[in-house]
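Report on one structure; see the data block that follows.
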Amino acid sequence: MTPKKILRRPQPSDVTDWGQNLPPILRRLYAARGVHSDDQLQYTLKHLASPMQLRGIDRAVELLAEAVAQKQRVMVLGDFDADGATSTAVAMLGLSMLGVAAIDFRVPSRFSDGYGLTPGIIHRLQDEGDLPDLLVTVDNGISAIDGVRAARELGIKVVITDHHLAGDELPDADAIVNPNQPGCPFLSKNAAGVGVMFYVLTALRKHLRDNNLLPDPEPNLGNLLDLVALGTVADVVPLDHNNRIFVEQGIRRIRKGEARPGILALLEVAGRDYTEISATDLGFVVGPRLNAAGRLDDMSIGIACLLSDSRDEALRLARELDNFNRERRSIEKDMKTQAQDLLASMSLDIEGLPWGLALFDQDWHQGVIGILAARIREQTHRPTIAFAPDDDGEHLKGSARSIPGLHIRDALAVVDAKNPGLMKKYGGHAMAAGMTIARDDLERFSNAFDQAVRDTLKPEDLEAAITTDGPLTPDELNLDTAYLLKRAGPWGQHFPEPVFDGEFRVVSQRIVGENHLKLVLQPVEGGGIIDGIAFNTGPEVPDFTRSGARVVYKPDANTFRGRTNLQLLVDYLEPLG
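Residue numbering for the sequence shown follows numbering that gives the first Met the number 0, beginning at 0 and increasing consecutively.
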């Protein structure tokens with residue numbers, strides 16, 4: 000494991016005026032995550048921010064209501080990741096529930112179309128004689144200047160729903176709903192694309208209700224919250240209070256078996272019990288299987304799985320997605336090996352590497368470079384961009400992943416300002432972004448990106464660190480705590496799942512499978528024997544039985560042969576002394 004600094008999350012000194020009914024450990028954990036009132040732990044739907052705070056939502060509702068009244072053809076334009084897929088499914092199901100009679104969707108191909116609403120997609124619809132009256136983008140559109148222009152020139156009205164950061168120019172759409180557009184007062188700037196679309200549906204339902212135009216019986220949009228939860232977690236947006244409400248409500252539905260057949264099927268093929276799932280399962284089990292379709296083939300398969308009303312059909316599609324995910328992991332493993340060889344050729348040690356890494360291989364797969372960048376970022380603790388060849392042979396497509404302290408889209412904006420035209424296009428978030436460059440410009444871009452990172456970060460920012468919630472007391476280190484923490488979420492980005500650290504004697508250790516370290520541990524301060532497992536350590540690890548180990552871990556309930564015991568999921572360990 001890469002050496003890391005172990006930092007402990009600051010603990011507020013006074014948390015006595017709230018959380019009186021909570022176990023002390025939860026009060027401590029919540030306070031360290033910025034909770035300072037009981038209201039922040041209320042996850043009922045009435046605590047959601049009002050959709051009417053969203054700029055542009057009135058006009059979007061007017062256009063959608065017209066589509067209902069005039070029986071217009073509506074097309075949803077999605078995206079090829081899990082947020083885009085769930086956003087598309089929510090739009091399709093929700094608009095149908097609210098009375099849109101003629102509705103279809105398109106999702107761009109990562110390989111032939113690129114990202115978002117482009118003129119090429121509009122021209123293809125025209126060639127196919129499939130032009131809609133109203134086009135609704137989900138999880139994209141805020142940068143689609145040319146695509147919106149092409150649509151409107153053909154008489155198509157365009158409603159953009161998105162959450163990505165806006166550029167200097169906004170598209171000339173008929174309506175834009177995006178909490179991150181200039182002048183929008185909506186408080187939850189962290190909403191995922193699927194959350195924005197859900198808000199549009201709730202506002203449309205209110206409008207139709209106020210005008211006595213709702214179908215009878217009144218549609219229950221709460222039936223879509225499992226999809227909203229999945230998209231929110233899978234897109235790794237910060238789990239502010241508003242997003243935690245979405246995720247908690249969706250997880251409750253899934254645990255009751257009231258989810259879409261496609262979500263239940265994806266959990267089934269992954270071997271997960273839907274009655275016991277957490278946000279972590281959505282992010283690391285369901286999300287990757289859904290994403291695999293967009294990475295390797297066509298996200299329409301993933302959307303079809305989410306839209307299916309048949310358990311058998313959903314299960315068939317989920318198995319197909321599971322196969323894509325297995326293929327994706329195989330490709331990723333090979334690409335990571337190639338990337339590590341490339342890193343080794345650049346420098347004999349990590350200190351000699353560029354601060355901002357830009358890596359390329361002719362054989363890398365466009366659909367997996369984002370995951371590859373994340374893996375290399377984790378290994379080197381450096382902002383990383385992985386490039387793959389574009390289909391035209393003249394350009395490279397890059398996917399970037401950042402580290403704390405560097406807003407990756409802002410860094411790219413600096414590169415663009417100092418090197419106009421170097422990037423043909425770019426966009427993204429604080430921690431992830433994408434761009435296209437000319438193949439011949441790779442070296443020039445690499446140097447510019449490295450310089451932008453050096454101008455922003457300090458040397459200490461490049462030191463890998465892991466932040467914990469400190470030690471658990473002997474009375475807390477038990478199975479009850481594991482169950483309590485699992486149900487106490489939802490945990491996620493900017494509301495991190497609790498991790499703890501402590502000193503342990505290592506009674507025994509062995510490699511299981513090819514890469515996993517199985518441990519038998521005993522707290523130095525005293526206590527019983529506890530099993531532990533560290534995944535993907537590789538076969539070469541120190542002998543911790545001689546030194547003992549400082550362990551960073553999550554308590555977990557592990558069931559084996561009908562018996563459930565405490566097991567520590569080890570994120571990191573280092574020798575004592």
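Just so you know, even glycine gets a beta-carbon here, dropped at the ideal spot from N, CA and C. None of these values were measured; they are calculated from a predicted model.
So if DSSP puts residue i in a beta bridge, which residue, or which two residues, is it bridged to?
i: R105; result: L76
i: H515; result: V511
i: N290; result: Looking at the DSSP assignment, N290 forms no beta bridge with any residue, so it has no partner.
i: K156; result: L133
i: G427; result: A432
i: H394; result: A437
i: M422; result: I436
i: K553; result: L568
i: T466; result: L6
i: A174; result: V158
i: R562; result: F559
i: E502; result: R549
i: T336; result: For T336, which the question treats as bridged, DSSP gives no partner whatsoever.
i: E573; result: R549
Quick one: using the 10 Å Cβ neighbour count with 16 as the cut-off for buried, is residue i buried or exposed?
i: E247; result: buried
i: Q180; result: buried
i: T563; result: exposed
i: Q361; result: exposed
i: K70; result: exposed
i: F503; result: buried
i: H206; result: buried
i: I300; result: buried
i: H240; result: buried
i: R376; result: buried
i: T379; result: buried
i: A66; result: buried
i: T231; result: buried
i: F559; result: exposed
i: K4; result: exposed
i: A68; result: exposed
i: G115; result: buried
i: P131; result: buried
i: R208; result: exposed
i: I528; result: exposed
i: L471; result: buried
i: P2; result: exposed
i: N514; result: exposed
With distances taken Cα to Cα, identify the nearest neighbour of residue i among the options.
i: K485; options: D474, V505, V498; result: V498
i: L212; options: A64, L94, T466, A373; result: A64
i: P178; options: D297, V268, A172, D161; result: D161
i: V285; options: R271, V511, L200, V414; result: R271
i: E331; options: R288, A48, L342, H364; result: H364
i: D333; options: G501, R374, S309, L320; result: R374
i: I532; options: P489, V505, V523, R545; result: V505
i: G404; options: A464, A48, E326, P11; result: A464
i: F104; options: G119, L133, E377, S445; result: L133
i: L76; options: V135, P23, L371; result: V135
i: N477; options: L565, W490, I407; result: L565
i: G526; options: G501, D542, D296; result: G501
i: L281; options: V414, F359, W490; result: W490
i: V511; options: E524, Q492, F534, D530; result: F534
i: L341; options: F386, E524, A429; result: F386
i: P541; options: K517, D555, V523; result: K517
Leaving out the 5 sequence neighbours to the left and right, which residues in its chain are closer than 6 Å to residue i when beta-carbon positions are compared?
i: K553; result: V498, L568
i: P184; result: Q52
i: R32; result: F494
i: D78; result: D138, N139
i: A269; result: V284
i: K424; result: T435
i: V157; result: L134, V147, A150, A172, D173
Does the beta carbon of residue i sit closer than 9 Å to a beta carbon anywhere in chain C?
i: H394; result: This model lacks chain C altogether, as it is built from one protein chain only.
Go through its chain and collect everything with a Cβ distance to residue i's Cβ below 7 Å, but skip five positions before and after it.
i: I253; result: D225, I262, Y273, I276
i: R443; result: L421
With a CB to CB cut of under 8 Å and the five nearest residues on each side skipped, what residues in its chain are close to residue i?
i: T544; result: V505, V506, S507, Q508
i: D80; result: D138, A233, D234, N290, G293, M298
i: T201; result: P50, L220
* Asked: When the Cβ atoms of the segment 44 to 60 are set against those of the segment 85 to 93, are three or more pairs found closer than 8 Å?
  -> Taking 8 Å as the limit for Cβ pairs, the verdict is that the segment 85 to 93 does not touch the segment 44 to 60.
* To do: Check whether the segment 149 to 158 touches the segment 219 to 226, taking contact to mean three or more Cβ pairs, one atom from each stretch, closer than 8 Å.
  => Judged by Cβ distances under 8 Å, the segment 149 to 158 makes no contact with the segment 219 to 226, as fewer than three pairs qualify.
* To do: Evaluate the contact criterion for the segment 243 to 263 versus the segment 109 to 124: three or more CB pairs, one atom per stretch, below 8 Å.
  => The segment 243 to 263 vs the segment 109 to 124: no contact.
* Does the count of Cβ pairs from the segment 351 to 360 and the segment 441 to 458 closer than 8 Å reach three? -> Yes, since at least three Cβ pairs between the segment 351 to 360 and the segment 441 to 458 fall closer than 8 Å, the two stretches touch.
* Pair every Cβ in the segment 434 to 447 with every Cβ in the segment 163 to 175, then say whether three or more of these pairs are closer than 8 Å. => Counting Cβ pairs under 8 Å, fewer than three are found: no touch.
* Asked: Taking contact to mean at least 3 C-beta pairs separated by less than 8 Å, is the segment 316 to 327 in contact with the segment 286 to 295?
  -> Result yes; three or more Cβ-Cβ pairs closer than 8 Å.
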